[in-house]
Amino acid sequence: MDFNIKEIKRQLFHLIAGIILLILLYFNLINLLVLVVLFIGGLLLSVISIKFNIPILSWILDHLDREHDRKRFPGKGALTYLFGCILALLLFERNIAFASIAIMVVGDAIGPLVGIHFGKVKNPINKKKLIEGTLAGFIMASIAALIFVSYKEAILASLVGMVVESLELKHKEFFLNDNITIPLFSGLTIYLLKLL
1 MDFNIKEIKR
11 QLFHLIAGII
21 LLILLYFNLI
31 NLLVLVVLFI
41 GGLLLSVISI
51 KFNIPILSWI
61 LDHLDREHDR
71 KRFPGKGALT
81 YLFGCILALL
91 LFERNIAFAS
101 IAIMVVGDAI
111 GPLVGIHFGK
121 VKNPINKKKL
131 IEGTLAGFIM
141 ASIAALIFVS
151 YKEAILASLV
161 GMVVESLELK
171 HKEFFLNDNI
181 TIPLFSGLTI
191 YLLKLL
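First residue of the sequence shown? That's 1 in my numbering, and the numbers climb one at a time after it.
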């Protein structure tokens, strides 16, 4: 499958699943415990799917997982996504957690979608990214976060989130996934702004 088509499908799934997840959390239809159970179940399925073909799961992974993740850590994107949400809900009060999750959900999905279609200018922070995508991600993440926090908090947290998304943060040989770092740093930004 063409890389851009697969990446567009991944990002659309990322966006739609994230919005549904936020709605379910907001209306208390699911909670932190459900996310933890999903995460643990997902980890088990990931380990099993390295060695065994699980019919429906294998089809989903073949169509939505990045090729390098499919072989080494199946479902990495979905699992780090869940972990980022769990982390935000554990560390921050409700509105900060929801705003930081919204920044990840919207900004991290819109950025690549716009970058793939309209991007021309390389992002000075990371030459693999395009500035049009980063700006679109920032704008849409700010709008999404506004549902939960003030405009100043939404804008600054989205700016931090999209800068973090542009970076390739690395500890030793381990890259820190932006599905974890975006809600963490965005939430921390809002938390610190509320202290001022």
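Using N, Cα and C, we set each Cβ at its ideal position, and we do this for glycine too.
Q. DSSP on K194, reduced to helix/strand/coil?
A. Looking at K194 - three-state DSSP - the assignment turns out to be helix.
**Q.** Residues that DSSP places opposite L130 in a beta bridge
**A.** According to DSSP, L130 bridges with K122.
Q: State yes or no: is the C-beta of S100 within less than 7 Å of the C-beta of G18?
A: It is not a contact, given that the beta carbons lie outside the stated cut-off.
Q. Which of the three DSSP states, helix, strand or coil, is assigned to F185?
A. When secondary structure is reduced to three states using DSSP, F185 falls in the helix class.
Q. How long is the line joining the alpha carbons of E132 and V114, rounded to whole angstroms?
A. In a straight line, the C-alpha of E132 is about 7 Å away from that of V114.
(Q) Please classify I50 as buried or exposed, where buried requires at least 16 neighbouring CB atoms within 10 angstroms. (A) Burial check for I50: the Cβ neighbour count within 10 Å stays below 16, so the residue is exposed.
Q: Have a look at M1 and G107 and give me their C-alpha separation to the nearest angstrom.
A: In this prediction, M1 has a pLDDT of 46, which is less than 50 and means its spatial position is unreliable; what the coordinates show is noted afterwards. Whole-angstrom Cα-Cα distance: 25 Å.
Q. Mapping DSSP to helix, strand and coil, what is E93?
A. If DSSP states are grouped into helix, strand and coil, E93 belongs with coil.
Q) Does the Cβ of Y151 have 16 or more other Cβ atoms within 10 Å, making it buried, or fewer, making it exposed? A) Counting Cβ neighbours within 10 Å, Y151 comes out exposed, since fewer than 16 surround it.
Q: Sort Y191, N31, E165, I40 by Cα distance to A154 and report the nearest one.
A: Ranking Y191, N31, E165, I40 by Cα distance to A154 puts Y191 first.
Q | With 16 other Cβ atoms within 10 Å as the buried cut-off, status of N28 | A | Burial check for N28: the Cβ neighbour count within 10 Å stays below 16, so the residue is exposed.
Q. G77: buried (16+ other C-beta within 10 angstroms of its C-beta) or exposed?
A. Around the beta carbon of G77, a 10 Å sphere encloses 16 or more other beta carbons of the protein chains shown; the residue is thus reported as buried.
Q.
Between which residues of its own chain and L12 is the CB-CB distance below 8 Å, once the five residues before and five after are set aside?
A. Around L12: A109, L113.
Q | Helix, strand or coil at L146 according to DSSP, with G and I counted as helix | A | Looking at L146 - three-state DSSP - the assignment turns out to be coil, as it is neither helix nor strand.
Q: Would you decide whether G41 is buried or exposed? Buried here means 16 or more other CB atoms lie within 10 Å of its CB.
A: Exposed, since its Cβ has fewer than 16 Cβ neighbours within 10 Å.
Q: Enumerate in chain order the residues of its own chain whose CB-to-CB distance from L146 is below 8 Å, with the five nearest sequence positions on each side excluded.
A: Cβ within range, chain order: A154.
Q.
Looking at G111: is its Cβ nearer than 7 Å to the Cβ of N179?
A. Judged by their CB atoms, G111 and N179 are not nearer to each other than the 7 Å cut-off.
Q: Report the three-state DSSP secondary structure of I54 (helix, strand or coil).
A: For I54, the secondary structure class from DSSP, reduced to helix, strand or coil, is coil.
Q) Any idea what DSSP makes of I30, helix, strand or coil? A) Here I30 carries a coil assignment [DSSP, helix/strand/coil].
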